[in-house]
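What follows is a single structure, written as structure tokens, with notes after it.
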């Protein structure tokens, strides 16, 4: 009988533990209610669009992801699609995340030297963002191929109705490299990079998340670089 009681006690204890596990799993982790500093509202525009694709750009490569988003747009327009029905999504992640930073940050920090990006005019490490915007009066270089008004810059893509997303993890990585070189605090540099994004660029937890999220709402995946 003592043996039987011990076995019953053990089974009862095991059952109680098993019953408690799901309840523990439902407990919210500390800080879970804190609002995320990221914007997911862009997904509604993508979901509603008739034609949508996400261009994954982990490397600057002469702004290829930006250019390809225009090639995509012009292709559908050539087939009769209204511009408002075409929504390309460009994801700037990994080494290309700095393409989302505005000129002031490129002038202040050695972003061009850090990412080995040269200014197309000076052929020296860029102290401005070559893909932020097209200077007034300067040809974009692709209008002869893709038609008037084609502007394969961050501002140009956003202005035409496209979406540009940037990876927070990659910005954090760049901020650590800059901070180490300048003797600064990485968190301070990251805050500055976030605040100095080109207007209209949307910060995301990571480029991997952004690329996957765009596909979840119907965007076709395109590997740009």
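In mature numbering (1 follows the signal peptide of the UniProt record, and there is no 0), the protein residues as written are -32 to -1, 1 to 193.
Glycine is no exception: its CB is placed at the ideal position from the N, C-alpha and C atoms.
Given the structure is predicted, the values throughout are model-derived calculations rather than measurements.
Under the three-state DSSP convention, the category residue i falls into
{"i": "residue 106", "result": "coil"}
{"i": "residue 170", "result": "strand"}
{"i": "residue 84", "result": "coil"}
{"i": "residue 94", "result": "coil"}
{"i": "residue 66", "result": "helix"}
{"i": "residue -10", "result": "Its pLDDT being 35, under 50, residue -10 is placed unreliably in this model, and the value from its coordinates should be taken loosely. Helix."}
{"i": "residue 113", "result": "helix"}
{"i": "residue 42", "result": "helix"}
{"i": "residue 30", "result": "helix"}
{"i": "residue 11", "result": "helix"}
{"i": "residue 176", "result": "helix"}
{"i": "residue 75", "result": "helix"}
{"i": "residue 181", "result": "helix"}
{"i": "residue 118", "result": "coil"}
Separation of residue j from residue i, as counted between CA atoms
{"i": "residue 191", "j": "residue 155", "result": "31 angstroms"}
{"i": "residue 24", "j": "residue 165", "result": "19 angstroms"}
{"i": "residue 193", "j": "residue 32", "result": "7 angstroms"}
{"i": "residue 47", "j": "residue 19", "result": "12 angstroms"}
{"i": "residue 8", "j": "residue 29", "result": "27 angstroms"}
{"i": "residue 119", "j": "residue 43", "result": "15 angstroms"}
{"i": "residue 142", "j": "residue 66", "result": "8 angstroms"}
{"i": "residue 5", "j": "residue 167", "result": "16 angstroms"}
{"i": "residue 184", "j": "residue 45", "result": "24 angstroms"}
{"i": "residue 111", "j": "residue 157", "result": "37 angstroms"}
{"i": "residue 163", "j": "residue 170", "result": "11 angstroms"}
{"i": "residue 149", "j": "residue 89", "result": "26 angstroms"}
{"i": "residue 52", "j": "residue 151", "result": "46 angstroms"}
{"i": "residue 11", "j": "residue 172", "result": "12 angstroms"}
{"i": "residue 100", "j": "residue 146", "result": "20 angstroms"}
{"i": "residue 102", "j": "residue 87", "result": "13 angstroms"}
For residue i: DSSP bridge partner residues
{"i": "residue 191", "result": "24"}
{"i": "residue 217", "result": "The question about residue 217 has no answer here: the residues shown for the chain are numbered -32 through 193."}
{"i": "residue 54", "result": "19"}
{"i": "residue 165", "result": "69"}
Pair within 8 angstroms by beta-carbon distance, residue i and residue j
{"i": "residue 115", "j": "residue 55", "result": "no"}
{"i": "residue 121", "j": "residue 60", "result": "no"}
{"i": "residue 161", "j": "residue 63", "result": "no"}
{"i": "residue 37", "j": "residue 104", "result": "no"}
{"i": "residue 135", "j": "residue 94", "result": "no"}
{"i": "residue 22", "j": "residue 138", "result": "no"}
{"i": "residue 132", "j": "residue 58", "result": "yes"}
Residue i beta carbon near the ligand NAP (any heavy atom closer than 7 angstroms)
{"i": "residue 152", "result": "This structure simply doesn't include the ligand NAP, nor any ligand for that matter."}
8 angstroms Cβ cutoff, residue i in contact with chain C
{"i": "residue 91", "result": "Included in the structure is just one protein chain, with no chain C present."}
Within the segment 120 to 163, ranges of the beta strand (DSSP E) (whole runs, at least 3 residues): Qualifying beta strand (DSSP E) stretches, in chain order: 131 to 135.
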